[in-house]
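Since the structure comes first, as structure tokens, the remarks are kept for the end.
2 protein chains.
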Amino acid sequence: MNIADQTFPAVDNANEDRAQAIRDQLRDAIVDRRLAPGTKLSEGEVGILFDVSRTVARAALQMLSFEGLVRTERNRGAFVANPSPEEARQVFASRRLIEPGIAIAAAGRMTPAHVVAFKAQLDEEGRFIAERGPSARRSEIKASGDFHLLLASVAGNLILQRFMEELVARSSLVIALYGRSGVSSCGHSEHMNILEALENGNSERASALMLHHIDHIEADLDLRVRSGPALRQALEF
Amino acid sequence: MNIADQTFPAVDNANEDRAQAIRDQLRDAIVDRRLAPGTKLSEGEVGILFDVSRTVARAALQMLSFEGLVRTERNRGAFVANPSPEEARQVFASRRLIEPGIAIAAAGRMTPAHVVAFKAQLDEEGRFIAERGPSARRSEIKASGDFHLLLASVAGNLILQRFMEELVARSSLVIALYGRSGVSSCGHSEHMNILEALENGNSERASALMLHHIDHIEADLDLRVRSGPALRQALEF
DNA sequence: TCAGGAAAGATTGCATACGATTTTTGCGAG
DNA sequence: CTCGCAAAAATCGTATGCAATCTTTCCTGA
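Protein sequence lines correspond, in order, to chains L and E.
Following the numbering used here, the numbering of the first sequence begins with 579 at its first residue and continues without gaps.
Following the numbering used here, the numbering of the second sequence begins with 579 at its first residue and continues without gaps.
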């Protein structure tokens, strides 16, 4: 897949940092799997696509590299990350450690406004599950991640929120790579159960449900190495 | 304080990424408080100090900005971060969430070689506590952080390890800003207790000790806003 | 004396240029 | 036809230049 096959909406937010806007667009594309793992992201090409110089494109790629969504090799360039099974396990181990705590924190800070936001989120999530087609499936993965990001924002810790943004993005990559079935509908109901616990201020229950939810997501992955690890690495695919 | 008042060892590691080497040096300087919070880090000055162009200096500053050690404002430049009390609380809340889990993971992976490394680390830590003078005190803060980083590396999760690197660095800043006494000697004995639990494979105890340890560190801070928050912000100090 | 504002200076944001390194292409030998 | 190697093309790393923005200085008028 060539990055040039894709078109990106123009970056109108010229006032704000352009590199950041490009990073956001690329991140969405990576998380949605419009850009496949291993895809080369050359500075020049990114620059042309977004109509900026290589300087700005490079800054955006550097940001993605920090988030672990892009792997850069000196003098070779940037590539969409291709997480190994081990890396995938570490992503989920990190989430198991952090997200139950986030759920507890969020349970203590829920307001009616938050509940409304969660309901809207879950509605949208449900819509994408009902729809068919690859586009809906991409949106579904994204919406599922948004639930966790919303929870992190309610928890009110900006540092943990940023960690979660990284973990959710990397999880999406992992699910795209190693996901087996549509566990998502199951995940949707788990999200609803978590929200219910949050609404009732039952932080212990929310935390426990979250832990199981993460376990279920990981359990749906097939993390066996396929066709020899070295080969895949060598082929960058 | 002017950044030019400091001198930095030359970056000899020319083969590797120069921006990264500069970032490491600057990070050490920030964590050691050789660069005070609020200090301006102008691209040009950094470039001259390290004998690189602004391009490279800028990349290093961008990295530090991602780690939260530097705050950048558009068209104004980069400044050594000046964490607010609220930010400080979030740093420690994050550590309370993450580090007990790291301790558990590490307890299950301790090898004799790890024990040796920890003992060497604690020895060094003790030496700095015995010494007097501001230089030893800086080294002491750094060594204390290194204990936690060593633990994170033993835990074997690269993602969490990177999170901890960020949290420890930011903690050092916070302690330098809001620290009250030399709780460090107390912290040193707590480190030793944690190591003992790790050696015995007593993960529950290591985890609990770690939690208390973090609580103790935070309890030693004076997080009341001083002389009005707005004023300090406005003065960037 | 002090406030207001314009001009000078400094610094950043970004584009571009050039050498260095890597990758691809092309060609000849086996 | 394939392999190996050299030249060409592409791409990266970095320095530098210019316009835009911010900061400081200094002058003027009250």
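Even glycine gets a Cβ: it sits at the ideal position worked out from N, Cα and C.
Residue contact with chain L for residue 602 (chain E): absent (no Cβ-Cβ distance below 8 Å to any residue of chain L). Apart from the 5 residues on each side of it in sequence, residue 779 (chain E) sits with its Cβ closer than 8 Å to the Cβ of 685, 686 and 688 in its chain, given in chain order. By the CB criterion at 8 Å, residue 638 (chain E) and residue 601 (chain E) fall inside the cutoff. Using a 10 angstroms sphere on the CB of residue 635 (chain E), the tally of other CB atoms reaches 16 or more, which defines it as buried. Close partners of residue 598 (chain L) in chain E (Cβ separation under 8 Å) are lacking, with about 10 Å as the shortest Cβ gap. In the structure shown, residue 634 (chain E) falls within a helical segment according to DSSP collapsed to helix, strand and coil. By the criterion of at least three beta-carbon pairs nearer than 8 Å, the region 658-669 of chain E is not in contact with the region 624-631 of chain E.
The beta carbon of residue 631 (chain L) is closer than 7 Å to those of 625 in its chain, skipping five residues each way along the sequence.
Sorting E:650, E:598, E:772 and E:735 by C-alpha distance to the C-alpha of residue 628 (chain E) places E:598 at the top. Interface criterion not met: the Cβ of residue 772 (chain E) is under 8 Å from no Cβ in chain L. Only those residues of the region 654-682 of chain L whose C-beta falls short of 7 Å from the nearest C-beta of chain E are listed: 668, 669, 671, 672, 675, 676 and 679.
For chain L, the residues of the region 715-743 of chain E that bring a beta carbon within less than 8 Å of one of its beta carbons are 735, 736, 737, 738 and 741, in chain order. Among the residues facing chain L, residue 628 (chain E) is not included, as its CB has no counterpart in that chain under 8 Å away.
The Cβ atoms of residue 706 (chain L) and residue 695 (chain L) lie no closer than 8 Å to each other. Judged by DSSP in its simplified three-state form, residue 605 (chain E) adopts helix. Contact between the region 718-735 of chain E and the region 639-655 of chain E is absent: fewer than 3 CB-CB pairs across the two stretches fall below 8 Å. Around the CB of residue 765 (chain E), 16 or more other CB atoms lie within 10 Å, so the residue is classed as buried. Within the DSSP secondary-structure output, residue 783 (chain L) pairs in no beta bridge.
What residue 637 (chain L) touches in chain E, judged by beta-carbon distance under 9 Å, is 636, 637 and 640, going in chain order. Under DSSP, residue 799 (chain E) shares a beta bridge with E:757.
Look at the region 682-751 of chain E and you find these whole runs of alpha helix (DSSP H), each 4 residues long or longer: 690-708 and 712-733. By the neighbour-count criterion, in which 16 or more other beta carbons inside 10 Å mark a residue as buried, residue 683 (chain E) falls on the buried side. Out of E:658, E:784 and E:646, the CA that lies nearest to the CA of residue 612 (chain E) is found in E:658. DSSP places residue 646 (chain E) outside any alpha helix (DSSP H), giving it a letter other than H or E.
Taking C-beta atoms as the reference points, residue 769 (chain E) and residue 725 (chain E) count as a pair closer than 8 Å. Between the alpha carbons of residue 708 (chain E) and residue 717 (chain E) lies a distance of about 12 Å.
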